[in-house]
Amino acid sequence: MELYRMSALNISKLLNKREISSEEVVNYFWRRLQKLEPGLKSFITTCRQEALQVARQVDELRFRGEQLHPFAGIPVAVKDNISTQGTLTTCGSKILENYYPPYDATVVQKLRESMLPIMGKTNMDEFGMGSSTENSAFYPTRNPWNTERVPGGSSGGSAAAVASRQLPLALGTDTGGSVRQPAAFCGVYGLRPTYGSVSRYGLIAFASSLDQVGPITGTAEDGAILYQLITGYDNKDATSLMPPENMKLADFPESKIKELKIGIICEHSGDGFDEEVVKRVKEMAFFWENHGATVEEVSLPFSDYALAAYYLINSAEASSNLGRYDGIRYGYSNQNVHDMRDLYFTNREEGFGPEVKRRVVLGTYALSSGYYDDYYLKALKTRTLILEDMQKKLQKYDLLMGPTTPTPPFQLGEKIEDPLEMYYSDICTITDPLVGNAVISVPGGFTADGMPIGLQLSAAPFQEYFLLKLARFWEQRKGFLTYCLDEGEGVMK
Ligand code: GLN
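Here the sequence shown is numbered in my numbering, starting from 566 and rising by one per residue.
As structure tokens, this is what we get:
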């Protein structure tokens, strides 16, 4: 079988049996990347030589019989807001177009320790702000299933690279949906881990109380292995959490599915929700019912306010986090200025794109002394109400489910002129980050015109292995691995 049709786990079995070398694996995916990348633009930087070097080391160690991580020698892509020492890290922004970090993010260090060759840095919406990857300062990424459509965002590059199997594994980041929404649009698995369970050290900050790194993979099992690799307490991240003992690797036996109580979020259907998407949610509800679970409708009464609270909070935090970009110490710097004031103005004016500026202005306004109580504080109070309600719901239900996005992937250019339209496409993904839940997007089928639809399962903090187990159960019965694109399909249209 062609490698691109295999999960990372199955490739690792070939590697272990020495039926193939890691150098061959990297070369294989490099050739595929070269063929598909011009039509998709999922990468900002590729690192073939470094990847090959790691692959050769892996081959040597394997030859000597050393015990290696199952994914040692299997190429991975890293979103371009995650710091890689000595490798360009732009965050999708002109203001960091020449930034080579002097250190690795903790998650990157973990990838290196387990010897996964990093094949490149993926395209993204500038600073993670966006839902289509059209806000990249460089170029938009295209959806592998139809290149006229967006791949979602902001981790659109990572999702498109995995969906087109330019490689089997990628890391994305999720502030308000940026792992799950592109995973949904590209027909792959995207996990947003519990806030604090994966280190943010070396992740370029957008909204610090929401940002999380998560795996984007072709199968749920690959997602579980990659998550296990990147999770863990890190004393370099002040918000890092120790997982509760009993939840570490908590295994959920399939026989218990019939004991599950699942709530379908009723606010995530109806007006503004595409019929084909709603149909897939119902199908999944039947699926769990057929396996004995109890499924009923649940209302999240604060849903109407969640989007507003999310956009106020992320903009406020971003306005503070992005204050550091001034063109003085690093990053884009136009030296053709007459004084300090001009230096700040010119560099920020020329370095940031329109969406980043919009949020910095909104966030600064919301934090200003005259408006703090009316906007920022209100948003925080709303966040607390949402959290309290969610905790009650998760006492009653083991799991909440619904669509990942209200619509299938939209056209390039369709929403970029209308920020509110774009924000609305995050309506299903912003609640879980506000409350710190674990949440996964799984492929849920296709529209009549062949575009992927994603479905979302969310659970209490530190329940990611439970979610991944359910995702795998779903995947095994639905055969989603066959979703891999065939040569000549999608991208070649
Ligand atoms: N689309 C959302 C936003 O623009 C989410 C982004 C993210 O998760 N990084 O804020």
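We put the CB at the ideal spot given by N, CA and C, even for glycine. This structure is a prediction, so every number in the text was calculated from the model and none was measured.
Residue Arg757 holds the alpha-carbon nearest to the alpha-carbon of Arg745 among Arg757, Leu736, Leu734, Ala735.
A buried status is given to Asp690, since no fewer than 16 other beta-carbon atoms sit within 10 Å of its beta-carbon. A Cβ-Cβ distance of about 5 Å is found for the pair Gly837 and Pro971, placing them in contact under the 8 Å criterion. According to the DSSP assignment, Ser868 belongs to no beta strand (DSSP E) but to the alpha helix (DSSP H) extending over 868–886.
Cα atoms of Pro974 and Met807: separation of roughly 37 Å, rounded to the nearest angstrom. In this structure, Asp816 and Ser764 do not form a Cβ contact; the two beta carbons are roughly 24 Å apart against a cut-off of 8 Å. Relative to the ligand GLN, the nearest heavy atom lies less than 8 Å away from the CB of Thr738. A distance below 9 Å separates the beta carbons of Met684 and Trp595. Listed in chain order, the beta strand (DSSP E) elements of length 3 or more contained wholly in the segment 743–792 are 754–757, 777–782. Taken in chain order, the whole beta strand (DSSP E) runs of length 3 or more contained in the segment 632–681 are 641–644.
Secondary structure note for Phe1031: its alpha helix (DSSP H) is the uninterrupted segment 1029–1043. Per DSSP, the beta bridge partners of Ala1003 are Ala1024. Beta-bridge partners of Gly928 (DSSP): none assigned. The segment 740–755 makes contact with the segment 700–719, as at least three CB pairs between them are under 8 Å.
The secondary-structure analysis by DSSP pairs Val863 across a beta bridge with Ile830. Straight-line measurement puts the Cα of Arg913 at about 31 Å from the Cα of Arg948.
Placement of the Cβ of Tyr936 at a distance of 8 Å or more from every heavy atom of the ligand GLN is found. The C-beta of Gln900 has fewer than 16 other C-beta atoms within 10 Å across all chains shown, which makes the residue exposed. Counted as a single uninterrupted DSSP element, the alpha helix (DSSP H) harbouring Pro984 occupies residues 984–989. The beta carbon of Asn575 sits no closer than 8 Å to any heavy atom of the ligand GLN. Here the distance from the Cβ of Phe917 to the nearest heavy atom of the ligand GLN is not below 8 Å. Where Asp816 is concerned, there is no enclosing beta strand (DSSP E), because DSSP gives it neither an H nor an E. With a cutoff of 9 Å on beta-carbon distance, Leu580 and Val591 are scored as not near each other. Glu615 and Ala726 have their C-alpha atoms spaced approximately 18 Å apart. Listed in chain order, the non-local C-beta contacts of Pro682 below 6 Å within the same chain comprise Val591, Ala616, Val619, Ala620, Pro640, local neighbours out to five positions each way being set aside. In terms of side-chain proximity, the C-beta atom of Gly742 is found nearer than 8 Å to a non-hydrogen atom of the ligand GLN.
Placement of the Cβ of Ser696 at a distance of less than 8 Å from at least one heavy atom of the ligand GLN is found. Met966 sits in a strand when the DSSP states are folded into three classes.
Taking non-hydrogen atoms of the ligand GLN into account, the C-beta of Phe771 is found less than 8 Å away from one of them.
As the crow flies, the alpha-carbon of Glu678 is around 26 Å from that of Asn663. Distance between Arg583 and Leu568, taken at the CA atoms: about 15 Å. By the Cβ-count criterion, Asn800 is exposed, with fewer than 16 other Cβ atoms from all chains shown falling within 10 Å of its own Cβ. Under the three-state reduction of DSSP output, Leu736 falls in the strand class. Taking the CA atoms as reference points, Asn886 sits about 22 Å from Leu736. In this structure the segment 870–880 touches the segment 922–930; the number of beta carbon pairs closer than 8 Å is three or more. Contact between Ile1018 and Glu854 does not hold, since the beta-carbon distance rounds to 19 Å and is not under 8 Å.
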